[in-house]
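Following: one structure in structure tokens, then a few remarks.
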Amino acid sequence: MKNVLTIQSHVVYGYAGNKAATLPMQLCGVDVWPLNTVQFSSSTRYPKFAGPVTTNEDLIKIVKTLADPEVNFLHKVDAVLSGYLGSAEQVDAILEIVDTVREQNPDAVYLLDPVMGKAGKGCIVAPGVAQAIRDKAVSRANITCPNLEELQILHGSELNSFADAVNATIQLAKKGPSIVMVKHLHRCALAQPYEFESILYDDNTGKLYHLTRPLVDLPRDPVGAGDMLTGVLLACLLTGKTALEAFEHAQNAVYLVVKAAKDAGELELQPVTVRREIMDPPLTYRAVELNPADFVAKHKAL
1 MKNVLTIQSH VVYGYAGNKA ATLPMQLCGV DVWPLNTVQF SSSTRYPKFA GPVTTNEDLI
61 KIVKTLADPE VNFLHKVDAV LSGYLGSAEQ VDAILEIVDT VREQNPDAVY LLDPVMGKAG
121 KGCIVAPGVA QAIRDKAVSR ANITCPNLEE LQILHGSELN SFADAVNATI QLAKKGPSIV
181 MVKHLHRCAL AQPYEFESIL YDDNTGKLYH LTRPLVDLPR DPVGAGDMLT GVLLACLLTG
241 KTALEAFEHA QNAVYLVVKA AKDAGELELQ PVTVRREIMD PPLTYRAVEL NPADFVAKHK
301 AL
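Structural data, given as structure tokens:
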């Protein structure tokens, strides 16, 4: 069985970070080693929350202890997943952890979820974080899963069309990660008014996939859906699915989780309700292969 060290936030109530990713990843057939950067009472969307923050020194100490010859656990880790990072120093700490894991297993995969921006809000992280992710972390990642705002931050210029988004995605893949999934295209969607559209580019094969599914109408965007999406994608890749198969599985599974929240009248995700579907979701929404050259050429012509 594959093992994933996932370094993200944790909440007691609701689903975000590791709380959102762990169960779905386990249901997809991988063993999950959660390392919590914070442990909060709930997500920060609520008017009051509390909880401790794990220091960078403690994050590193925990991982290095797993590598200590007296226990010798760390060599079992097949992948590292990192989510929201609170400071530029924490980016450095995560990369030190990735190096420590790769010392034990040189083939370990690193999935960077560059949590930095939200639609309509732009960059939401502390000063220096975006630059550290762009300049240090991207080149070390095998897989990265930005949303549109995060793709724009990593690209360094405004994205206003589907061709812009495809071009930026392919350029990002040339900087290190061989698989790039843009979670939600928002204003750069092909269809207007948009539904939920996502693209995945696999630099190993040069293939570009586009998937459209319904946009679930909730009073607010569900916290943790992106964390769950990246976790399921990684789990599917580790268990032998192709990039296309993993993309379709992840998008269909998370759609059902979000829809379950709407059906239950809840603002929090409902993964337990659809746990069987997470394991083997009906592939109602399929990806379509597109020719990247069509959109890169269009972008150059603009």
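Residue numbering for the sequence shown follows full-length UniProt numbering, beginning at 1 and increasing consecutively.
Backbone N, C-alpha and C fix where the C-beta goes; we use that ideal spot for every residue, glycine too.
All of these numbers come straight from a predicted model, not from anything done at the bench.
Measure from the alpha carbon of R134 to the alpha carbon of each residue in S43, V77, K174, P47, then state which is nearest.
-> Scanning S43, V77, K174, P47 for the CA closest to the CA of R134 turns up K174.
Identify the residues that DSSP records as bridge partners of Y209: which are they?
-> Per the DSSP secondary-structure output, Y209 pairs in a beta bridge with L200, E289.
State the beta-bridge partners of P281 as determined by DSSP.
-> Paired residues: none, contrary to the question.
According to the neighbour-count rule (16 or more other Cβ atoms, all chains shown, within 10 Å of its Cβ), is A50 buried or exposed?
-> exposed
Output the distance between the C-alpha atoms of Y46 and G86, rounded to the nearest integer angstrom.
-> 19 Å
Can you give the beta carbon distance from A287 to Y209, rounded, assuming they're within the 8 Å contact cut?
-> 4 Å
Return the CA-CA distance between R187 and L215, expressed in angstroms with no decimal places.
-> Computed Cα separation, rounded: 13 Å.
Per DSSP, what kind of secondary structure is H249 in: helix, strand or coil?
-> helix
Tell me whether K64 is buried or exposed, calling it buried when 16 or more other Cβ atoms sit within 10 Å of its Cβ.
-> exposed
Proximity to E103 [Cα-Cα], best of P114, L74, V129, V115 = L74
Please work out which residues of its chain come closer than 6 Å, Cβ to Cβ, to Y255, disregarding the five sequence neighbours upstream and downstream, and give them in chain order.
-> The residues R213, in chain order, have a CB closer than 6 Å to that of Y255 in the same chain once the five nearest residues on each side in sequence are set aside.
So is M1 buried or exposed if we call it buried at 16+ other beta carbons inside 10 Å?
-> exposed
Candidates L190, A225, T6, of which the one nearest S161 by Cα | L190
For the alpha helix (DSSP H) containing P34, list its first residue and its last residue.
-> Segment 31–40 is the beta strand (DSSP E) holding P34; no alpha helix (DSSP H) there.
Taking C-alpha atoms, which residue in L244, Q39, D164 lies nearest to P52?
-> Q39
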